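Asks: Mind having a look at this structure? Questions to follow.
2 protein chains.
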Amino acid sequence: MGSTYHVAVVGATGAVGEQMIRTLEERNFPISRLTLMASKRSSGKKVLFKGEEITVIEAKEEHFKDVDIALFSAGGTVSKSLAPHAVKHGAVVIDNTSAYRMDPNVPLVVPEVNEQDLMKHQGIIANPNCSTIQMVVALEPIRKKFGLKRVITSTYQAVSGAGTRAVDEMYMQSKAMLEGEKPEANILPVKNDNKHYPIAFNAIPQIDVFQDNGFTFEEMKMINETRKIMHMPKLKVGATCVRIPVVRGHSESIYFEIEQSNVTAEDIRTVLADAPGITLVDRPSEQLYPLPLDATGQRDVFVGRLRNDLDDEFGFHMWVVSDNLLKGAAWNSVQIAESLRKLELV
Amino acid sequence: MGSTYHVAVVGATGAVGEQMIRTLEERNFPISRLTLMASKRSSGKKVLFKGEEITVIEAKEEHFKDVDIALFSAGGTVSKSLAPHAVKHGAVVIDNTSAYRMDPNVPLVVPEVNEQDLMKHQGIIANPNCSTIQMVVALEPIRKKFGLKRVITSTYQAVSGAGTRAVDEMYMQSKAMLEGEKPEANILPVKNDNKHYPIAFNAIPQIDVFQDNGFTFEEMKMINETRKIMHMPKLKVGATCVRIPVVRGHSESIYFEIEQSNVTAEDIRTVLADAPGITLVDRPSEQLYPLPLDATGQRDVFVGRLRNDLDDEFGFHMWVVSDNLLKGAAWNSVQIAESLRKLELV
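So the sequences go chain by chain: A and B.
Take 6 as the starting number for the first sequence in our numbering and just add one per residue.
Take 6 as the starting number for the second sequence in our numbering and just add one per residue.
Encoded structure:
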C-alpha cells in the first residue's frame, strides 16, 4: 500500500464519526481520499474536511472497494454486516462498536498499552469501550512498574456516550426543569430498553442492558476488555457504571491494589507523569485535579487525586478523566491507524 | 420535662433548617413553642409553621432560655459558640455540623444503627455527615447478619449539600451553558477555598477541604464517622467524594466485603427488605434501581443494584441513594429528637 490512504468513515454523521473526521484532519493523517458513509437517512449530507465538502453516501458493501482503512462507528449491527465485506475488499477495519471486541481473533487495542497486538490482526481491529480505554491507559504504567492485583471502579459517564440525540434530550430536560416543568425522557438509559429516565439533574446507575449476573453490559465490558487488553485474564475487576449529566468527559473513581510493597503515592505519580497519553493533574493543595469540563476536546487521559488507601498498604485511589468521544473513541481509532502505519501493517 | 417541648431551630432559613421545620410539622412532633433563629442578616424573616407565621430572630445565647430541644444547622462556628450555652440553659442540642462529631463525649447517632448511644449524651448529640448516614443505614443490617470487613465507596453528591446558594448558582450556570455562554463559579467546591469550578454539566472530585493525606475532609468524615457510629474502630473504609449536578439526593456506589461465606445477593436483599429506614429498589429485569430524582422529598434510604463481586466471594456491590437534606440532615435530626422522647431522655 502507498504512503497515502483511502480512508472510509462509517457512521460519519454520528457523535463519534464527526470527531473521527476532525481528528484525522487535526492529526494530518495522510489521506488520498476520504469516503464518508452513514445510514440511508443521513446520506446526502455534506461534511467539511480540510476545506472541501464531502457528500455522505449510504454505507454499502460496494463502497469499500479500494478502501485502505475503514473506521466503523455506526453501531454493532452495521459493523457485523459490513466489516467482513470491507476486509474482503482489502481494507483494514478499525471498529468502534462492541461487535468484535471479545472475538479471540480480533485484537482489542489501546496503543499505549498493547500496540504490538496489532501484529496479529486478520483484517479487523476492535477499538475498546470508552470507559475501558481511559482506565487501562492509567493502569498500564502502574502495572508495569509495581504489578497489579485488583481494580474496583465507579464511573461518572457523560451523556454524549449515548449519542448526539441523548445530549439534545438532556438539554431539553434541563431547560424544562429550570422552568419548573416535568422533563420528558425517551432515550436514556438505553434507547431500546423498556423504561426511560431523565438524566438532567439525575444520576442513572444503568449503562447498556442488564446481564443475568446483575451487572450491566457496560460493566462487563470494563471487566472483560480490561483483562483482554492488559493480557491479565485473571485480573480482579469490579465495576459500577453510572450516567451523570455531563456532556463530554467520562470520570472514574478507581481503587487499585498493586503487588509491590513500600510504594508511595508519590512513586506512582512519578511513573504516571512520564507515561504516554497521560497528563497528571494532581496538586490537592492548589485544588488541581481532573474535571470533565477541562478534558473536553483534549486527547489525553487526565489522572489525579492519587492517594494511598488508609488501611491497605497495597491499595490506592485515583480519579481518571478523559474525553469519551476522543480518547474513548475517535482519537483511539485514529491512533490505531497511526500505529498500523508505524508498524507497516497498512 | 413535659410531653410537649419548646424546640429551637438554629439556622432556620438555610436549606437544612427549612427541611427541619417541614419535618417537625410532617411528623407532628409535640411542640409547645417553636423558636427560629438565624444569622443577624436573616433575622426578621417570617416562616410558616402549621399555618402560623413565626419571625426568625438572631441566634443569641439568651434565646436558649427554656428551650428543651435545639436543632443546630448554621455551620460549625455557630455550633461551637452557642451549643454549650444552650446546654447550660438546659436544652438538649442536636447538632447537624461537624463541630462535635468526633468528640468522644458526644454520641454520633443514626437511630437505625446506634440509637442506644443516646443514653450516654451529656447535652450535645451530633448528627452525622449526610453521605455517612445513608451508607451506615444500608451497611448496618448487613453487618449484623453477615459481618463486615471492608467498605470502598465513591459518592455522587447533590449540590444542595453545599446550601441553597450553591443550587442557585448551578441553575444560573446551567442556563448560561444552555445559551452557549461561559458559566461563572464562585461557590463550589468549597466557598472559602481559593479556586471555584462550575458544577453544571461537570463533576468535581472535591467536597470540603483537602487534608495532608490527600483525602478531603468529606472523605475523612465518611471514614471516621462510619467507624464511630458502627462501633468498629478498625473497619477498613475507603472513600472518594464527588459533587455532581444533582439538586437533591446523594448517590453512593458501595463495594463491601462481609465475613460470612456462602452468602448470595438474594440473602442480602432479604435482610435489607426488612431493615428499618430502607426501601429496597432492586429489580434489574424491570430497570428498577434507586435514582436521586425519585428519592427527593423521601425520608428513606433507597438501596439497589446489589450483586456479588465476580472475583471475591465475600465482596458485593450496591447503589445507595437518599435525600441528603432529609435522612442526610433534617430527618435524621428530628428522628434523634423522636428517639430521645422514646428513650425518655427529654
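Glycine included, every Cβ here is placed at the ideal spot set by N, Cα and C.
The structure displayed is predicted, hence computed values, not measured ones.
For the region 140 to 155 of chain B, list every residue whose C-beta sits within 8 Å of some C-beta in chain A, in sequence order.
Replies: Here the close residues are ARG155.
Asks: For B/VAL156 and B/LYS241, I'd like the C-alpha separation in whole angstroms.
Replies: For this step, residue 156 of chain B is matched to residue 151 along the second sequence. For this step, residue 241 of chain B is matched to residue 236 along the second sequence. So the two alpha carbons sit approximately 6 Å from each other.
Asks: Using beta-carbon positions only, say whether A/VAL72 and A/ALA96 come within less than 8 Å of one another.
Replies: In the first sequence, residue 72 of chain A corresponds to position 67, counting from 1. In the first sequence, residue 96 of chain A corresponds to position 91, counting from 1. Cβ atoms of A/VAL72 and A/ALA96: closer than 8 Å.
Asks: Taking Cβ-Cβ distances shorter than 8 Å, what residues in chain A pair up with B/THR60?
Replies: For this step, residue 60 of chain B is matched to residue 55 along the second sequence. Simply none; closest approach about 29 Å.
Asks: Out of curiosity, what's the CA-to-CA distance linking A/THR301 and B/VAL164?
Replies: Taking the first sequence and counting its residues from 1, one reaches residue 301 of chain A at position 296. Taking the second sequence and counting its residues from 1, one reaches residue 164 of chain B at position 159. Between A/THR301 and B/VAL164, the C-alpha separation is close to 22 Å.
Asks: My understanding is that B/ALA342 touches B/ILE129, with C-beta atoms under 8 Å, so please give their C-beta distance in whole angstroms.
Replies: Counted from its first residue, the second sequence places residue 342 of chain B at position 337. Counted from its first residue, the second sequence places residue 129 of chain B at position 124. Actually they are not in contact, since the Cβ atoms of B/ALA342 and B/ILE129 sit about 13 Å apart, beyond 8 Å.
Asks: For a quick check, are the C-beta atoms of B/VAL61 and B/ALA79 less than 8 Å apart?
Replies: Position 56 of the second sequence, counted from the first residue, corresponds to residue 61 of chain B. Position 74 of the second sequence, counted from the first residue, corresponds to residue 79 of chain B. No, the Cβ-Cβ distance between B/VAL61 and B/ALA79 is not below 8 Å.
Asks: To the nearest angstrom, how far is the alpha carbon of A/VAL15 from that of A/ASN134?
Replies: Within the first sequence, numbered from 1, the residue matching residue 15 of chain A stands at position 10. Within the first sequence, numbered from 1, the residue matching residue 134 of chain A stands at position 129. Cα to Cα, A/VAL15 sits roughly 17 Å from A/ASN134.
Asks: If distances are taken between C-alpha atoms only, which option among A/PRO281, A/LEU285, A/ALA20 and A/ARG310 comes closest to A/LYS149?
Replies: Walking along the first sequence from the start, residue 149 of chain A turns up at place 144. A/LYS149 has its Cα closest to that of A/PRO281, out of A/PRO281, A/LEU285, A/ALA20 and A/ARG310.
Asks: Residues of chain A with a CB under 9 Å from the CB of B/VAL251: which are they?
Replies: Residue numbering aside, residue 251 of chain B sits at position 246 when the second sequence is read from its first letter. Within 9 Å Cβ-Cβ: PHE206, ASN207, ALA208, ILE249 and PRO250.
Asks: Residues of the region 160 to 188 of chain A with a CB closer than 8 Å to any CB of chain B: list them in chain order, please.
Replies: Taking 8 Å as the Cβ-Cβ cut-off against chain B, the residues of the region 160 to 188 of chain A that qualify are TYR161, TYR176, SER179, LYS180 and LEU183.
Asks: Looking only at its own chain, which residues have a Cβ that is under 7 Å from the Cβ of A/MET6, when we skip the five neighbours before and after it?
Replies: For this step, residue 6 of chain A is matched to residue 1 along the first sequence. Only weak support exists for where A/MET6 lies, its pLDDT of 46 falling under 50; the coordinates are left without a value.
Asks: Establish whether the CB of A/GLN211 and some CB of chain B are separated by less than 8 Å.
Replies: Position 206 of the first sequence, counting from 1, holds the residue named residue 211 of chain A. Chain B, which has a Cβ nearer than 8 Å to the Cβ of A/GLN211, makes this yes.
Asks: Rank B/ARG312, B/LYS85 and B/ALA64 by C-alpha distance to the C-alpha of A/PHE220 and give the top, closest one.
Replies: Residue numbering aside, residue 220 of chain A sits at position 215 when the first sequence is read from its first letter. Among B/ARG312, B/LYS85 and B/ALA64, the Cα nearest to that of A/PHE220 belongs to B/ARG312.
Asks: Hey, would you say B/ALA208 sits closer than 8 Å to B/ILE192, going by beta carbons?
Replies: Taking the second sequence and counting its residues from 1, one reaches residue 208 of chain B at position 203. Taking the second sequence and counting its residues from 1, one reaches residue 192 of chain B at position 187. Not a contact, by the Cβ cut-off of 8 Å.
Asks: In chain A, what lies closer than 7 Å to B/GLY128 by C-beta?
Replies: By one-based count along the second sequence, residue 128 of chain B stands at place 123. None at all; the shortest Cβ gap to chain A is about 32 Å.
Asks: Go to B/HIS255, then tell me how far its beta strand (DSSP E) extends in each direction, as first and last residue.
Replies: Taking the first residue of the second sequence as position 1, residue 255 of chain B is located at position 250. Unbroken beta strand (DSSP E) run through B/HIS255: 255 to 262.
Asks: I need the DSSP call for A/MET6, collapsed to helix, strand or coil.
Replies: Against the first sequence, residue 6 of chain A aligns to sequence position 1. With a pLDDT of 46 at A/MET6, under the threshold of 50, the predicted position of this residue should be treated as unreliable, though the coordinate-derived value follows. In the structure shown, A/MET6 sits in coil (DSSP, three-state: anything other than H, G, I, E or B).
Asks: At a CB distance below 9 Å, what residues from the region 293 to 317 of chain B approach chain A? Give them in sequence order.
Replies: Listed by position, the residues of the region 293 to 317 of chain B near chain A (Cβ gap below 9 Å) are LEU293, TYR294, PRO295, LEU296, PRO297, LEU298, ASP299, GLY309, ARG310, LEU311, ARG312, ASN313, ASP314, LEU315, ASP316 and ASP317.
Asks: Taking the alpha-carbon positions, what's the B/ARG304 to A/GLN216 distance?
Replies: Taking the first residue of the second sequence as position 1, residue 304 of chain B is located at position 299. Taking the first residue of the first sequence as position 1, residue 216 of chain A is located at position 211. When rounded, the distance between both Cα atoms is 31 Å.
Asks: So that I know if they touch, is there some Cβ in chain A lying closer than 8 Å to that of B/ASN199?
Replies: Within the second sequence, residue 199 of chain B is the residue found at index 194, counting from 1. Yes, its Cβ sits closer than 8 Å to a Cβ of chain A.
Asks: Taking only beta-carbon positions, decide if B/GLY219 is within less than 8 Å of chain A.
Replies: If you number the second sequence from 1, residue 219 of chain B lands on position 214. Yes - at least one Cβ of chain A is within 8 Å of the one on B/GLY219.
Asks: Which of the three DSSP states, helix, strand or coil, is assigned to B/GLY333?
Replies: Residue 333 of chain B sits at position 328 when you count from the first residue of the second sequence. Residue state, collapsed to three classes: helix.
Asks: How is B/GLU67 classed by DSSP in three states: helix, strand or coil?
Replies: Within the second sequence, residue 67 of chain B is the residue found at index 62, counting from 1. B/GLU67 falls in the helix class under three-state DSSP.
Asks: Per DSSP, what are the beta-bridge partners of A/VAL12 in this structure?
Replies: Along the first sequence, read from residue 1 onward, the residue named residue 12 of chain A stands at position 7. A/LEU39 and A/ILE74.
Asks: Would you mind telling me which residues of chain A sit closer than 7 Å to B/PRO289, beta carbon to beta carbon, in chain order?
Replies: In the second sequence, residue 289 of chain B corresponds to position 284, counting from 1. In chain order: PHE215 and GLY219.
Asks: In this structure, what does DSSP give as the bridge partners for A/HIS322?
Replies: Counting from one through the first sequence, the residue named residue 322 of chain A turns up at place 317. According to DSSP, which records beta bridges pairwise, A/HIS322 is partnered with A/TYR260 and A/ARG312.
Asks: For the alpha helix (DSSP H) that contains B/LEU144, what are its first and last residues?
Replies: As a position in the second sequence, residue 144 of chain B is number 139, starting the count at 1. 135 to 151 is the span of the alpha helix (DSSP H), which, as asked, contains B/LEU144.
Asks: With burial defined as no fewer than 16 other Cβ atoms inside 10 Å of the residue's Cβ, what is the status of B/GLU230: buried or exposed?
Replies: In the second sequence, residue 230 of chain B corresponds to position 225, counting from 1. By the neighbour-count rule (16 or more Cβ atoms within 10 Å), B/GLU230 is buried.
Asks: Within the region 210 to 289 of chain B, note down every full beta strand (DSSP E) run reaching 3 residues or more, in order along the chain.
Replies: Qualifying beta strand (DSSP E) stretches, in chain order: 241 to 245, 255 to 262 and 283 to 285.
Asks: Bridge partners for B/GLU57 per DSSP, in chain order?
Replies: Here residue 57 of chain B refers to the residue found at position 52 when the second sequence is read from its first residue. Per DSSP, B/PHE54.
Asks: Could you spell out the range, first to last residue, of the alpha helix (DSSP H) harbouring A/ALA20?
Replies: Position 15 of the first sequence, counted from the first residue, corresponds to residue 20 of chain A. It spans 20 to 31 - the alpha helix (DSSP H) in which A/ALA20 sits, taken as one unbroken run.
Asks: Check each candidate in B/PRO238, B/PHE77 and B/THR275 and name the one with the smallest Cα separation from B/ALA335.
Replies: Position 330 of the second sequence, counting from 1, holds the residue named residue 335 of chain B. Minimum Cα distance to B/ALA335 is reached at B/PHE77.
Asks: Report all residues from its chain with a CB closer than 6 Å to the CB of B/SER256; omit the five preceding and five following residues, and keep chain order.
Replies: In the second sequence, the residue the question calls residue 256 of chain B occupies position 251. So the list reads TYR161, PRO297 and VAL326, once near-sequence residues are dropped.
Asks: For A/SER179, which option in B/ALA244, B/LEU123 and B/VAL252 has the closest C-alpha, if you only look at C-alpha atoms?
Replies: Taking the first sequence and counting its residues from 1, the one referred to as residue 179 of chain A is at position 174. Of B/ALA244, B/LEU123 and B/VAL252, the residue nearest in Cα terms is B/VAL252.
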